[in-house]
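Worksheet: the structure to be examined is printed underneath.
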Amino acid sequence: MEDADCVEFLQWLLPKLQMRWPAFRKVRRQVCKRVGRRLADLGLPDVAAYQEWVVLHPEELEILDGFCRITISRFYRDRSVFDHLRHEILPELAENARAKGQREVWCWSAGCASGEEPYTVNIIWKRTVSPKAPGVKLKIIATDSDSQMLDRAGQGRYAGSSLKDFPREWLAGCFGRVESEYTVRPEYRLEIEWCRQDIREEMPHGVFDLILCRHLAFTYFDQALQVKTLGEILPRLRPGGVLVIGKQEPPPTSVSRLVECKPRTGIFRKLDY
Numbered sequence: 002m003e004d005a006d007c008v009e010f011l012q013w014l015l016p017k018l019q020m021r022w023p024a025f026r027k028v029r030r031q032v033c034k035r036v037g038r039r040l041a042d043l044g045l046p047d048v049a050a051y052q053e054w055v056v057l058h059p060e061e062l063e064i065l066d067g068f069c070r071i072t073i074s075r076f077y078r079d080r081s082v083f084d085h086l087r088h089e090i091l092p093e094l095a096e097n098a099r100a101k102g103q104r105e106v107w108c109w110s111a112g113c114a115s116g117e118e119p120y121t122v123n124i125i126w127k128r129t130v131s132p133k134a135p136g137v138k139l140k141i142i143a144t145d146s147d148s149q150m151l152d153r154a155g156q157g158r159y160a161g162s163s164l165k166d167f168p169r170e171w172l173a174g175c176f177g178r179v180e181s182e183y184t185v186r187p188e189y190r191l192e193i194e195w196c197r198q199d200i201r202e203e204m205p206h207g208v209f210d211l212i213l214c215r216h217l218a219f220t221y222f223d224q225a226l227q228v229k230t231l232g233e234i235l236p237r238l239r240p241g242g243v244l245v246i247g248k249q250e251p252p253p254t255s256v257s258r259l260v261e262c263k264p265r266t267g268i269f270r271k272l273d274y
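With the sequence shown counted from 1, adding 1 to any position gets you my numbering.
Pasting the structure below:
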């Protein structure tokens, strides 16, 4: 399948899924490979024939929606973001909880893929925050629409490439080795609940102090779906709570209840009013 043919197909397809073509420009090869395998499975000669197939079989859009899930995930991805969480945001949330007599801080990791993000937050908490805030626990709900990704997350086993951004000084204390893989140590698996949810259709119950929604809604969804998704996220974030999106992802301009905590980090605080 020629790249130009796949690009034309994706530009036709993505609006039907309420997704943005510009977000897929650099990662299109991952999607195109999946489309190519689907062509072979269906015995279709080219992408034009597949487009006709999709028109005649609209249920195929559900399969294509799965093809458009981009799974690029690493521990401590975007170092400046996690450094700010480590030194500023998480200690502040812990102190606020202690001041209010609360024993738990609640975090939601949306679109957690194979689990690197929630594990990173949990490791930061247990290594740097918890010793200074005894009695306050971090509870994490990690959601993703892909059950295979969640299975991988639950296993907690990763290739070395997933850890290239992770602090070297923490590596031995946080991971064991099984042949060529690194395994998250048991104490850092505690307090994480894995849940299969598609953020477009379902979100966890409750209210959270910290919500991470990076490289998902505000990268791939079209403007209307972004506004809808954020409108459903915000009621789940406590006043004064923190929302983390991708560094290059400005939230929809219609939102006035978020103020950026630090420039160019994608970290926003929800105003109290």
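Cβ atoms here follow ideal geometry from the backbone N, Cα and C, with glycine treated the same way.
Which residues DSSP lists as bridging residue i, in chain order
i: VAL20; result: Inspection of the sequence shows that residue 20 is occupied by Met rather than by Val. For MET20, which the question treats as bridged, DSSP gives the partners PHE222.
i: TRP107; result: LYS140
i: VAL260; result: ARG270
i: VAL185; result: PHE176
Assigned secondary structure, residue i (DSSP; H/G/I helix, E/B strand, else coil)
i: PHE76; result: coil
i: SER115; result: coil
i: VAL208; result: coil
i: LEU15; result: helix
i: CYS69; result: coil
i: ILE193; result: strand
i: GLU60; result: coil
i: LYS127; result: helix
i: GLU202; result: coil
i: PRO92; result: helix
i: GLY37; result: helix
i: VAL32; result: helix
i: GLU3; result: coil
i: LEU86; result: helix
i: ASP47; result: coil
i: ARG99; result: helix
Test item: CB-CB of residue i and residue j under 9 Å
i: LYS133; j: GLU192; result: no
i: THR220; j: ARG201; result: no
i: ASP210; j: ASN97; result: yes
i: LEU213; j: LEU244; result: yes
i: TRP107; j: GLY207; result: yes
i: VAL8; j: CYS69; result: no
i: THR72; j: ALA24; result: no
i: SER163; j: ARG75; result: yes
i: TYR51; j: ASP166; result: no
i: GLY242; j: ARG270; result: yes
i: ARG158; j: THR184; result: yes
i: LEU172; j: ILE125; result: no
i: LYS101; j: GLU188; result: no
i: LYS138; j: ARG104; result: yes
i: ARG215; j: ASP79; result: yes
i: TRP56; j: LEU65; result: Looking at the sequence shown, residue 56 is not Trp but Val. No, Cβ-Cβ distance for VAL56 and LEU65 is not below 9 Å.
i: ARG258; j: LEU226; result: no
Nearest-angstrom Cβ-Cβ length linking residue i and residue j, presumed shorter than 8 Å
i: THR144; j: GLN198; result: 4 Å
i: CYS175; j: ILE142; result: Their Cβ separation, rounded to whole angstroms, is 21 Å, which puts CYS175 and ILE142 out of contact at 8 Å.
i: ARG21; j: LEU14; result: That pair is no contact at about 12 Å.
Proximity test, Cβ basis, 9 Å: residue i and chain B
i: ARG80; result: The chain inventory of the structure shown lacks chain B, comprising one protein chain alone.
Requested in this report: Pick out the complete alpha helix (DSSP H) segments inside the stretch 210 to 251, 4 residues or longer, and give them in chain order.
Outcome: 218 to 221, 224 to 234
Requested in this report: Enumerate, from N- to C-terminal direction, the unbroken beta strand (DSSP E) stretches of 3 or more residues contained entirely within the stretch 130 to 182.
Outcome: 138 to 145, 176 to 179
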